[in-house]
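Student: Numbering (UniProt numbering), first residue to last: 1 to 798. Sharing a structure below in structure tokens format, with a few things to ask.
So this is what it looks like as structure tokens:
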């Protein structure tokens with residue numbers, strides 16, 4: 001086992017941090033904190049990381065620059081001074097460069113830079129590639145929350161005034177318009193400032209997105225309303241309603257407030273993507289107890305531990321770093337790293353892994369690997385790299401937003417000039433009003449709600465069934481899964497040892513064998529001993545007091561009970577005491593083939609019985625696997641347990657493909673291998689050792705009964721740990737995708753019908769024009785249709 005762990009450490013060792021700081025202006029930092037190789041550079045226009053062998057290159061002031069596309073190269077050549085200066089101003093200072101913090105976009109992981117900011121493609125806030133436990137609250141989340149709550153009363157006030165002001169007749173029409181302007185201006189101009197900044201950025205980067213639509217829609221509504229308030233005489237009398245030109249300050253304010261609220265929810269959800277790495281970082285102890293050459297002992301920070309230091313590990317403490325035992329004996333709980341359900345006995349010379357837990361006894365170890373070289377650090381690196389290497393699925397609305405906004409703006413401009421040149425007097429006023437109507441009716445409310453509403457309702461429905469999705473991509477992608485990799489311990493099985501059965505040799509029966517073994521094990525702190533004692537007490541057996549108790553670490557225990565001299569342990573202990581076990585060899589082999597751990601009991605140096613402790617299969621597992629096979633899903637089991645145990649469990653559950661004695665890196669490699677074969681892979685697991693594979697899989701499925709790290713690394717969590725939830729999740733995924741497509745259809749149908757009317761195409765035949773008020777009403781109806789359709793998902797999935 002130790003050799004296998006060393007192999008894993010050697011396999012993961014390629015991720016150790018490079019100690020050399022970057023010294024080139026276009027050099028960037030990789031996910032593990034080391035500089036990117038010289039083969040990569042940064043596009044000075046869009047900030048994207050590109051290879052130096054790209055065909056798009058340019059020279060300026062004696063330096064060579066590299067670009068992601070010909071468009072970026074042309075923009076640079078048109079004004080190279082601007083981009084060189086921007087790059088110089090954005091370069092980190094010495095302290096920042098030393099820290100090695102790299103920021104990336106969760107939607108476009110190819111975007112990387114050494115400072116916070118927004119993505120030049122989608123406008124989302126960049127986040128650190130490698131978060132730390134010392135990270136403060138997201139500053140953007142705090143800013144959005146501040147803007148939202150401070151302006152929400154103004155939004156409510158302007159909506160109430162717009163709805164009730166005309167009916168109450170307390171204010172003059174012109175006074176009401178000015179009051180609405182005063183109330184809405186802080187909302188639009190101050191609270192909405194980040195929205196308009198990203199809207200302008202989308203134009204500057206030639207990357208239209210949802211911010212473009214929101215900025216144009218709210219900006220058009222607000223500017224039109226300002227013009228109608230300041231210069232109402234410019235507008236035709238046909239647009240006078242209730243004694244004034246209709247204004248839409250409330251529409252602009254509400255859209256801004258709802259956008260800020262949506263960003264608050266999104267940023268909160270996005271913060272959970274780094275929770276897995278933070279949980280892993282939190283596993284490592286903060287201090288270590290070092291033995292000094294003079295015999296004294298000191299508690300020192302973990303960062304002060306060096307290779308070769310002697311460290312003491314007391315019962316209940318975490319192993320501070322990777323190393324070897326030099327003194328003492330104990331049992332170490334390594335389940336959080338290796339996935340093995342039972343603690344492993346450790347003696348002098350055995351290897352121990354940092355962050356594992358010493359369950360009993362005191363150990364002295366010599367540190368061999370510290371910092372980024374430890375197994376835990378390598379797992380952290382694998383999780384981070386797997387998360388960032390996935391290509392996030394682009395939402396349907398985003399895929400069409402670029403084309404949509406270009407078409408809408410083009411129609412609005414065409415409307416303005418067509419009315420201005422060919423329309424009746426005042427032609428340019430008509431052109432302005434109709435162009436504004438086009439932009440308002442094309443406001444992205446329905447388009448923006450089309451997918452989030454479906455995701456919101458589907459997430460709520462799934463939660464009532466014990467299915468928690470982390471993000472929309474998991475819901476969208478899950479219907480495509482055709483291969484499921486499952487961990488054994490805690491996923492297919494209960495994840496905790498339990499007494500299975502015992503065999504006795506005359507005159508000892510099964511009950512007496514269990515009673516004697518439990519009596520002897522009362523003096524042991526090993527989890528297997530606790531299992532036997534608990535089983536005996538559950539059966540009402542009279543457990544006696546053990547005398548002359550002694551432990552043979554790694555083999556078993558000895559003692560005297562009721563006058564009998566007892567020995568309880570494995571085959572090696574029996575052979576050491578020259579106790580023959582052939583009488584029960586067949587039963588022991590059968591138990592092992594069933595996946596059980598076997599212990600022999602000898603009474604007065606003669607074999608008395610054999611006991612088995614196993615991890616039982618969950619009662620829901622066979623039904624879940626049968627359902628998955630019926631849907632055409634290929635099931636593969638990968639476990640850290642031995643091959644014999646893996647074969648036994650796989651045979652019992654009818655799983656044809658299984659892999660035993662696999663480590664975290666092996667599970668990650670298995671996911672990558674299946675993905676390379678064209679498979680859409682889901683990984684189901686519950687332990688820290690599953691975290692890299694959960695993050696790399698197309699959809700990671702965590703058991704809610706497992707560790708927090710597994711749940712944070714996965715895109716979906718089964719709260720009850722019931723694999724039957726996977727089949728339900730597939731059904732919900734299919735229904736959600738269909739609903740999202742319907743919502744997008746509703747949104748575009750409203751625009752397809754409303755935009756021509758707003759542009760005035762029917763005016764020559766009917767004399768009809770669509771005022772911005774009617775456009776706003778149509779926009780609201782489209783949103784209501786989308787929301788109503790999304791609510792139908794509440795009735796899906798039994």
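Glycine is no exception: its CB is placed at the ideal position from the N, C-alpha and C atoms. In this text the structure is predicted, and so the values were computed from the model without any measurement.
Answer with buried or exposed for residue 663, where buried requires no fewer than 16 other C-beta atoms within 10 angstroms of its C-beta.
Tutor: Residue 663 is buried by the Cβ-count criterion.
Student: Can you look up residue 409 in the DSSP assignment and give me helix, strand or coil?
Tutor: Residue state, collapsed to three classes: helix.
Student: Skipping 5 residues on each side, what residues in its chain have a beta carbon closer than 6 Å to that of residue 597?
Tutor: Answer for residue 597: 613, listed in chain order.
Student: Could you pull the DSSP bridge partners for residue 358 from this structure?
Tutor: 332.
Student: Residue 581: beta carbon under 6 Å from a heavy atom of the ligand COA?
Tutor: The ligand COA is absent from the structure shown, which contains no ligand whatsoever.
Student: What separation, rounded to the nearest whole angstrom, lies between the Cα atoms of residue 156 and residue 180?
Tutor: Taking the straight line joining both Cα atoms gives about 11 Å.
Student: Within 10 angstroms of the Cβ of residue 685, are there 16 or more other Cβ atoms? Answer buried if so, exposed if not.
Tutor: Flag for residue 685 reads buried.
Student: In the structure shown, what three-state DSSP assignment does residue 248 receive?
Tutor: In the structure shown, residue 248 sits in coil (DSSP, three-state: anything other than H, G, I, E or B).
Student: Report the rounded CA-to-CA distance for residue 552 versus residue 331, giving the unit in angstroms.
Tutor: Cα to Cα, the separation comes out at about 12 Å.
Student: Please report the straight-line C-alpha distance between residue 327 and residue 372, rounded to a whole angstrom.
Tutor: Cα-Cα distance, rounded: 26 Å.
Student: Which stretch, first to last residue, makes up the beta strand (DSSP E) that contains residue 703?
Tutor: Run containing residue 703: 699-703, per the beta strand (DSSP E) assignment.
Student: If you draw a straight line from the alpha carbon of residue 138 to that of residue 83, how long is it in whole angstroms?
Tutor: Those two C-alpha atoms are separated by around 28 Å.
Student: I need the boundaries of the alpha helix (DSSP H) containing residue 195, first residue and last residue.
Tutor: Unbroken alpha helix (DSSP H) run through residue 195: 193-204.
Student: Please classify residue 481 as buried or exposed, where buried requires at least 16 neighbouring CB atoms within 10 angstroms.
Tutor: That one is buried.
Student: In angstroms, rounded to a whole number, what distance separates the CA positions of residue 249 and residue 739?
Tutor: Near 32 Å, if we compare the C-alpha coordinates of residue 739 and residue 249.
Student: Between which two residues does the beta strand (DSSP E) harbouring residue 557 extend?
Tutor: Segment 556-561, the beta strand (DSSP E) holding residue 557.
Student: Does the Cβ of residue 59 have 16 or more other Cβ atoms within 10 Å, making it buried, or fewer, making it exposed?
Tutor: It is exposed - the Cβ of residue 59 has fewer than 16 other Cβ atoms within 10 Å.
Student: From residue 123 to residue 202, what does the alpha carbon distance come to, in whole angstroms?
Tutor: Roughly 7 Å separates the two Cα atoms.
Student: Start and end of the alpha helix (DSSP H) containing residue 477?
Tutor: It spans 472-478 - the alpha helix (DSSP H) in which residue 477 sits, taken as one unbroken run.
Student: What runs of the beta strand (DSSP E), each 3 residues or longer, lie entirely inside the segment 495-543?
Tutor: Fully enclosed beta strand (DSSP E) runs of 3 or longer: 498-504.
Student: Give every residue of the same chain whose Cβ lies closer than 6 Å to the Cβ of residue 215, excluding the five residues on either side of it in the sequence, and list them in chain order.
Tutor: The answer, listed in chain order, is 195, 196, 199.
Student: Expressed to the nearest angstrom, what Euclidean distance is found between the alpha-carbon atoms of residue 790 and residue 749?
Tutor: Spanning the two alpha carbons is a distance of roughly 16 Å.
Student: For residue 165, collect the residues of the same chain with a Cβ closer than 7 Å to its Cβ; drop the 5 residues on either side in sequence, then sort them by chain order.
Tutor: Here the set comprises 171, 176.
Student: DSSP has residue 638 in a bridge; who is on the other side?
Tutor: DSSP, once it has assigned bridges, lists 659 as partnering residue 638.
Student: Take residue 211 as the anchor and find which of 600, 437, 405 has the nearest alpha-carbon.
Tutor: Among 600, 437, 405, the Cα nearest to that of residue 211 is on 405.
Student: Using 7 Å as the threshold, is the C-beta distance between residue 455 and residue 472 below it?
Tutor: For residue 455 and residue 472, yes; Cβs fall inside 7 Å.
Student: May I have the straight-line CA-CA distance separating residue 713 from residue 701, to the nearest angstrom?
Tutor: Near 9 Å, if we compare the C-alpha coordinates of residue 701 and residue 713.
Student: Evaluate contact between the segment 613-633 and the segment 650-660, counting only Cβ atoms and requiring at least three cross-stretch pairs below 8 Å.
Tutor: Yes, since at least three Cβ pairs between the segment 613-633 and the segment 650-660 fall closer than 8 Å, the two stretches touch.
Student: Per the contact definition of three or more C-beta pairs closer than 8 Å, is the segment 137-151 in contact with the segment 251-265?
Tutor: Touching, per the Cβ criterion.
Student: Given 8 Å as the limit, is there contact between the segment 627-636 and the segment 587-603, that is, 3 or more CB pairs closer than that?
Tutor: Judged by Cβ distances under 8 Å, the segment 627-636 makes no contact with the segment 587-603, as fewer than three pairs qualify.
Student: Checking the sheet assignment: what are the DSSP bridge partners for residue 564?
Tutor: Paired residues: 561.
Student: To the nearest angstrom, how far is the alpha carbon of residue 290 from that of residue 318?
Tutor: Between residue 290 and residue 318, the C-alpha separation is close to 14 Å.
Student: Would residue 93 be called buried (16 or more neighbouring beta carbons within 10 Å of its own) or exposed?
Tutor: Only weak support is given to the placement of residue 93: the predicted model assigns it a pLDDT of 38, under 50, and the question is left unresolved by the model.
Student: Determine the burial state of residue 715: buried for a count of at least 16 other Cβ atoms within 10 Å of its Cβ, exposed for fewer.
Tutor: Residue 715 comes out buried.
Student: Consult DSSP for residue 42 and reduce its assignment to one of helix, strand or coil.
Tutor: Residue 42 falls in the strand class under three-state DSSP.
Student: Roughly how far, in whole angstroms, is the beta-carbon of residue 469 from the beta-carbon of residue 610, given that I think they are within contact range, below 8 Å?
Tutor: Going by Cβ atoms, the distance from residue 469 to residue 610 rounds to 46 Å, so no, they are not a contact pair.
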